[in-house]
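In the UniProt record's numbering, the protein residues as written are 1 to 685.
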Amino acid sequence: MAPKDAIDIPSFATTQLALLEAELQSELLETSSLISNTSPTALQRAGLAITNLTLTSQRTGLGGKTVVELGPDSATASKDGQLAEHGVRTGDIVVVSEMPSGSARKKEVRELESKGCRGVVTRVGSRAVWVALDEREGDERVGGKRLWLVKLANDITYKRMNQVMQRLQKMKSEEYSSFVRVLFGLTSPSPVSRDVVEGKDLEWVDLSLNESQKEAIRFALNSKEVALIHGPPGTGKTHTLIELILQMLKQNLRVLVCGPSNISVDNIVERLAPHKISIVRLGHPARLLPSVLNHSLDVLTQTSDAAAIVQDVRKEMDTKQASIRKTKSGRERKAIYGDLKELRKEYRERERKCIGNLIGGSKVVLATLHGAGGFQTRDEVFDVVIIDEASQALEAQCWVPLLRASKVVLAGDHLQLPPTIKSLNSKTTKVKTKDSEDAIKGLTLETTLFDRLLRLHGPGIKRMLTTQYRMHEKIMRFPSDELYESKLVAADGVKARLLKDLPYEVQETEDTTEPLIFFDTQGGDFPEKNEEEVDKKAGNGMVGESKSNEMEAAIVKRHVRNLVAAGVRPDDIAVITPYNAQLALMARELKEAFPGIELGSVDGFQGREKEAVIVTLVRSNASKEVGFLGEKRRLNVAMTRPRRSLVIIGDSETLQGNKFLKRWIEHLEECSDLRYPSVSTLNAL
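Below you can see the structure in the form of structure tokens.
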């Protein structure tokens, strides 16, 4: 029988297509606007570009792509030859092009971008950055000039999401599998007998699993169409998934394992590798952790039986690449590029044969959600799709692999932050489609598949992991009581550990013996600043309307200094804040004073952990406005990152304006080591 909330599949797909289009346009507009309206130097400061580069060398990389090495232009480089501070990371999609002059008009800047060459950053060093170029003729277009590279929006992901939504949109009702019907509520999931879940035990590979992990695995194995594994912070979700995959292999099932990010997939590859099973990791080698490269499709293609034949072509390509730089003749260069084009064609044909054999012979294939939609898996069928970090993935992303299987296991925590949405449609904009009646009201990109299935079918399709191995019991208590039905239990090994118990010498001080500290800045002496005003003075509009708080930053610095003086290593400390302007205010000074310390936004720190975490909440105003600080899921991320020490800095009076925050403040006042910092003491430092 179908639940009352059954969803019309064509209407769902139509709505998703409209929402995705709005999101893509928002991303493209943001990137284009920044590149056109912002100076190259300001773009670099904002972490979106690297300026004043020259081509240092080039070679043929994995997959036959040209990899260029870009170093600082000697005319503008610093004495030590290092790249200036920037925010470009391995795996970023970038455009490499001739750098505009300081007087270049907007139109000229856009033309330079269009003449540039797209690629993926394969490595970032202190003195160079390496980019695998997408275009076959790209190496010709970036030589002999002063260059820059700029981060771009990734439209490949959108193309794959659109393709799968269009498939659903056109699918006739008689084509719906029983699996698809369950996922849209047209039928209910097949019931899983409690006797089956509690019955004869499995032969566990990992004997350290706790009872909630075992129950989640039994439930997922016995569910016919769908199972949700709810993993609160520190409860060993990935640990559980590894055992689940191994148990599925014992049942001779073929498994496709996906996640929204490369790091989420690589973590699983790293933990599966010691079990000596046949696994293939799909994805651009530039985006993979070095430790998983041996399992990547590109490397396996180089090391398989057909590798020798492929290598011959590759050597010839490298020889041609080298000869390009030696010749000045335009005619000769053109002839060499013609030869390279033919060699690349032959290389790709040979590679494709290898790929078919490698993937077809693998029981476990791993990829990012959109990576599962590549040509390599086009004809592949799987028994189960496992999606890790499912609460951080757009639903349309999840559908890229879902149509290749007949069962899904989703693992995640819907009480932490959902995927980041840049367009306004998720909150305010009405969905516009050709026929507005086809749109589903209230559906937003923030609604994940995990959320939707839980609402549709209820908690019967979910199992929660309840033993957490990260946090001191005092740090865990509030999130457990408020968000996890008081079900979390701190494992014996973590529930009482403190900074003074670190496996190296740390003094016993008031800061290293307290797991939970609250610096209450009430009284109006620690006011927030609107960074828009600060930016106008500095002539830089990059940070927008973010908030900062200088006095809170001073408390952070003093507390870090005290921890380090007591013996805590800076690389065991993280400072996080919801506001980028506060991050910018603290970053340089703290990193110079305490090399190894980590600073980040709350959103960016999701999935991470540190021994000591300091959270600066920033907001302090007479009107008790807290903005997006009132979002439960954001606060949940902030308060569940530490292992041994959580320090909160905030204004209890301002924070009373939000019900959830008010309950948190009341908890901190009752259960933490409460401190009232003095402005005069801080000013004297």
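Virtual Cβ for every residue (Gly too), placed ideally from N, Cα, C.
Remember, it's a predicted structure, so these values are computed and weren't measured experimentally.
Listed in chain order, the beta strand (DSSP E) runs fully inside the stretch 190-236 are 226-230, counting runs of at least 3 residues.
In the three-state reduction of the DSSP assignment, Lys487 falls in the coil class. Within the same chain, and ignoring the five residues on either side of Leu300 in sequence, the residues whose Cβ sits closer than 6 Å to its Cβ are Leu358. For the set Trp130, Leu43 and Leu221, the Cα lying nearest the Cα of Thr56 is the one of Trp130. Under the criterion of beta carbons closer than 8 Å, Val269 and Cys258 do not qualify as touching, at roughly 12 Å. Shown here, Ala574 sits in a strand according to DSSP, grouped into three states.
By the criterion of at least three beta-carbon pairs nearer than 8 Å, the stretch 166-173 is in contact with the stretch 13-26. Look at Met464 here: in three-state DSSP terms it is strand.
Rounded to whole angstroms, the separation of the alpha carbons of Ala593 and Ala405 is 52 Å. A check of alpha carbon separations from His667 across Gly524, Ile475 and Tyr337 identifies Ile475 as the nearest. Excluding its 5 nearest sequence neighbours in each direction, Ser672 has C-beta neighbours in its own chain below 7 Å: Leu516, Ile517 and Phe518, listed in chain order. Look at Asp673 here: in three-state DSSP terms it is strand. Val409 and Ala227 have their alpha carbons spaced roughly 5 Å apart. The beta carbons of Gly91 and Arg127 sit no closer together than 7 Å. Annotation: Gln416 to Ser11 spans about 28 Å, alpha carbon to alpha carbon.
Looking only at Ile242, Pro189 and Glu174, the smallest Cα-Cα distance to Leu207 is reached by Ile242. Around the beta carbon of Pro459, fewer than 16 other beta carbons sit within 10 angstroms, so the residue counts as exposed. Apart from sequence neighbours up to five positions away, the residues of its chain that approach Val364 with a beta-carbon distance below 6 Å are Val255 and Ile279, ordered along the chain.
Residue pairing of Phe382 in beta bridges, as defined by DSSP: absent, with no partner found. Less than 7 Å separates the beta-carbon of Val400 from that of Val164. Between Gly657 and Val626, the C-beta spacing is below 7 Å.
Counting only runs that start and end inside the stretch 331-418, the beta strand (DSSP E) elements of at least 3 residues fall at 364-368, 384-387 and 408-412. Between Asp379 and His414, the C-beta gap is not smaller than 7 Å, which leaves the two residues out of contact. Taking every protein chain shown into account, the CB of Val67 has 16 or more other CB atoms within 10 angstroms, so this residue is buried.
Of the residues assessed, Ile573 falls on the buried side of the cut-off, its CB having 16 or more other CB atoms within 10 angstroms.
Between Gly125 and Val95, the C-beta spacing is not below 7 Å.
Excluding its 5 nearest sequence neighbours in each direction, Lys237 has C-beta neighbours in its own chain below 6 Å: Gly231 and Ala411, listed in chain order.
With a cut-off of 8 Å on Cβ pairs, the stretch 634-647 is in contact with the stretch 475-494, counting three or more such pairs. A straight-line Cα-Cα distance of about 18 Å links Glu69 and Glu85. DSSP links Phe478 through a beta bridge to no other residue.
If you draw a straight line from the Cα of Ala367 to the Cα of Glu550, it comes to about 43 Å. In summary, Lys326 is exposed, with fewer than 16 beta-carbon neighbours lying within 10 Å of its beta-carbon over all protein chains present. With the rule of 3 Cβ pairs closer than 8 Å, the stretch 485-493 does not count as touching the stretch 582-590.
When secondary structure is reduced to three states using DSSP, Val613 falls in the strand class. Judged by their CB atoms, Ile93 and Asn52 are not nearer to each other than the 7 Å cut-off. In the displayed model, Thr447 falls within coil according to three-state DSSP, outside both helix and strand.
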